[in-house]
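Asker: Numbering (the numbering used here), first residue to last: 330 to 538.
From the three backbone atoms N, C-alpha and C, an ideal C-beta is built for every residue, glycine too.
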């Protein structure tokens with residue numbers, strides 16, 4: 330029988346992934362990336378290397394993330410969400426404003442001490458530019474997390490929200506908390522005063538001055 334000259338219809342390709350499937354794949358990629366970044370350093374891992382770990386082609390990887398910094402930013406966002414969710418979830422309902430601020434501060438530092446690998450990933454990843462960090466910090470969701478410190482400080486001090494002294498106190502508190510965490514994570518062999526005690530002293534003094 331002679332072959333028909335009628336062109337065959339092209340077979341259908343793979344069905345498009347659902348939003349849930351895409352998010353699952355993004356999460357899987359981020360999970361592999363987190364392990365590699367922690368074990369070998371952010372700057373040492375290429376998208377090609379990550380694709381090999383995930384088990385897909387680099388081209389496929391770029392369908393889910395534009396570049397490596399986008400993956401790192403997602404990991405940062407997840408870490409901060411977990412941290413601030415924990416602060417909110419464990420906040421005593423009957424706490425005074427000063428106690429609420431102290432609780433926030435203690436929980437913030439305790440989280441980094443309990444998860445030093447997350448501290449290093451957020452604050453000590455090599456090969457990240459200030460511009461890339463700035464883009465992340467400017468994210469509304471991230472800014473809102475730290476606004477919680479400003480609001481708690483305002484409640485504890487009763488300063489006018491427009492008073493520059495309130496911003497100064499809040500900035501100093503955040504810098505102090507990061508300094509406490511950094512010292513105890515990176516110089517753990519030194520016999521530091523207990524972190525909770527350092528935080529208590531810092532909050533008490535900042536509210537009072």
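1. When you compare each of 445, 374, 425 to residue 412 by their alpha carbons, which one comes out closest?
2. Return the CA-CA distance between residue 466 and residue 378, expressed in angstroms with no decimal places.
3. Have a look at residue 470 and residue 496 and give me their C-alpha separation to the nearest angstrom.
4. Look at the alpha carbon of residue 420 and the alpha carbon of residue 429, and state the distance between them as a whole number of angstroms.
5. Residue 429 by DSSP, collapsed to three states: which one?
6. Our contact map puts residue 433 next to residue 477 with C-beta atoms below 8 Å; I'd like the distance itself, whole angstroms only.
7. Do you know whose CA, among 473, 502, 474, 472, lies nearest residue 482's CA?
8. Sorted by chain position, which residues of the same chain lie with C-beta nearer than 8 Å to residue 351's C-beta, five sequence neighbours on each side aside?
9. Roughly how many whole angstroms lie between the Cα atoms of residue 457 and residue 487?
10. Let's test the definition: count the other Cβ atoms within 10 Å of the Cβ of residue 522 and tell me whether it reaches 16, buried, or not, exposed.
11. Please state whether the Cβ-Cβ distance between residue 359 and residue 415 is less than 8 Å.
Answerer: Working from what's here:
1. What you label residue 412 is simply residue 83 of the chain shown in a count that begins at 1. It is 445 whose Cα lies nearest to the Cα of residue 412.
2. Taking the first residue of the chain shown as position 1, residue 466 is located at position 137. Taking the first residue of the chain shown as position 1, residue 378 is located at position 49. So the alpha carbons of these two residues sit roughly 27 Å apart.
3. To locate residue 470, count along the chain shown from 1; it is residue 141. To locate residue 496, count along the chain shown from 1; it is residue 167. The straight-line gap from Cα to Cα measures roughly 19 Å.
4. Taking the first residue of the chain shown as position 1, residue 420 is located at position 91. Taking the first residue of the chain shown as position 1, residue 429 is located at position 100. Each residue's Cα considered, the two are about 7 Å apart.
5. Reading the chain shown from its first residue, position 100 is the one you call residue 429. Looking at residue 429 - three-state DSSP - the assignment turns out to be helix.
6. As a working note, residue 433 is residue 104 in the chain shown. As a working note, residue 477 is residue 148 in the chain shown. The Cβ separation is near 7 Å, so the contact holds.
7. Translated into positions along the chain shown, residue 482 becomes position 153. Nearest option by C-alpha distance: 502.
8. Counting from 1 along the chain shown, the entry for residue 351 is found at position 22. So the qualifying residues of the chain are 393.
9. Reading the chain shown from its first residue, position 128 is the one you call residue 457. Reading the chain shown from its first residue, position 158 is the one you call residue 487. Going from the Cα of residue 457 to the Cα of residue 487 covers about 38 Å.
10. The sequence position of residue 522 within the chain shown is 193, counting from 1. The residue in question, residue 522, is exposed, as its Cβ has fewer than 16 Cβ neighbours within 10 Å.
11. The sequence position of residue 359 within the chain shown is 30, counting from 1. The sequence position of residue 415 within the chain shown is 86, counting from 1. Contact: no.
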